[in-house]
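In this text, residue positions in the sequence shown follow UniProt numbering: the first is 1, and each later residue adds one. We treat Cβ as the ideally placed atom computed from N, Cα and C, and that holds for glycine. One structure is given below, encoded as structure tokens.
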Amino acid sequence: MRRRLLAILLFGLAALAGPARGERLVLSVSQPEVLITSNFTGADLVLFGVVEGDGRPKPRYDFAVTVRGPAETFVTWRKSRVLGLYINTDSRTFVDSPAVLAVATNRPAAEIAPPEVLRREQVGLWRNIFVQRVGPDFADVVPDDPFRLAFLRIKTAEGLYAEDPFGVNLLSPFVFRTTFRIPASAPVGSYEVSVKLFESGLPVASAVTSVMVRKDGYGQELAAFAEDRPWLYGFGVAFGALFVGFGANLLFRKD
1 MRRRLLAILL
11 FGLAALAGPA
21 RGERLVLSVS
31 QPEVLITSNF
41 TGADLVLFGV
51 VEGDGRPKPR
61 YDFAVTVRGP
71 AETFVTWRKS
81 RVLGLYINTD
91 SRTFVDSPAV
101 LAVATNRPAA
111 EIAPPEVLRR
121 EQVGLWRNIF
131 VQRVGPDFAD
141 VVPDDPFRLA
151 FLRIKTAEGL
161 YAEDPFGVNL
171 LSPFVFRTTF
181 RIPASAPVGS
191 YEVSVKLFES
201 GLPVASAVTS
211 VMVRKDGYGQ
221 ELAAFAEDRP
231 WLYGFGVAFG
241 ALFVGFGANL
251 LFRKD
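Written out as structure tokens, the structure is:
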């Protein structure tokens, strides 16, 4: 009898909870690998996504796409006037920040979800978390921190950070398309492409894919050698420069 009562109770709770959410995102990127050659000027990649649901009628879906490049350390400086000269007097180090960051949504992020949800999900260029070294501590500071603003301004001016509030095109209520660019100055490595699905201001599904950026042929081998054996690479570059200079001196000297 107790087992029967427990089964009835569980069934009643499941009925009150309603059907489980069944949204699932399926992603496809046009070029999963980008090769950097000597004449590389950047690459435009296309991302398609499809929402697989449970067939129930849905309100409007919203999509937020974020592309994050390899992590790097970046230092911003503050200039102050000292004895009539402007010199660097203070700095802030950003640790493990994405070298490339691109954000695209189908409409302005402020219309998709409340501010606290957007901040938690890091939707939008200014809502991403950028960990900084502040003395002995590591943290992300307030959005209007001058070092943080300078960091975003520099990255945006270099074309490495970008945000497009209308960059996601809805081909149907369940299908979207967006284009993102790998800049010419982009570093090699793995680029994470994440998509978050929103319904009525709440995140209901997410999916992640990746794009690999690497140098082609000899360039990749040289880059790997420089990374694995930096001292030997530096010695080779210095020796090569001395050899070229000595050879040029022999060829063009006037005796």
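Judged by beta-carbon spacing, G189 lies within the 8 Å limit of G69, meaning their Cβ atoms are closer than that value. Going by C-alpha positions, G42 is about 11 Å away from G159. A contact between stretches requires three or more CB pairs, one per stretch, nearer than 8 Å, and the segment 146-157 fails this requirement with the segment 45-55. The beta carbon of T76 sits closer than 6 Å to those of R92, F147, A150 and F151, all from its chain and outside the five residues before and after it, given in chain order.
The beta carbon of A162 lies closer than 6 Å to those of A102 in the same chain, with the five residues before and after it left out. The C-beta of L118 has 16 or more other C-beta atoms within 10 Å across all chains shown, which makes the residue buried. Spanning the alpha carbons of N106 and V100 requires a straight line of approximately 21 Å. Under the criterion of beta carbons closer than 8 Å, L197 and F63 qualify as touching, at roughly 6 Å. Burial state of G124 is buried, judged by a 10 Å Cβ sphere holding 16 or more other Cβ atoms.
Under the DSSP definition of a beta bridge, F48 partners with S28 and R177. Counting every other CB atom within 10 Å of its CB across the protein chains shown gives E33 a total below 16, marking it as exposed.
The beta carbon of R133 lies closer than 7 Å to those of T93 and V95 in the same chain, with the five residues before and after it left out.
Listed as beta-bridge partners of E33 by DSSP are M212. When secondary structure is reduced to three states using DSSP, I182 falls in the strand class. The beta carbon of P203 sits closer than 6 Å to those of E121 and K196, all from its chain and outside the five residues before and after it, given in chain order. Around the CB of N39, fewer than 16 other CB atoms lie within 10 Å, so the residue is classed as exposed.
In this structure, the beta-carbon distance from V213 to I36 falls below 8 Å.
Taking 8 Å as the cut-off, the Cβ atoms of D140 and V131 count as close. Within the segment 95-140, the complete beta strand (DSSP E) segments at least 3 residues long are 101-105, 132-134 and 137-139, listed from N- to C-terminus.
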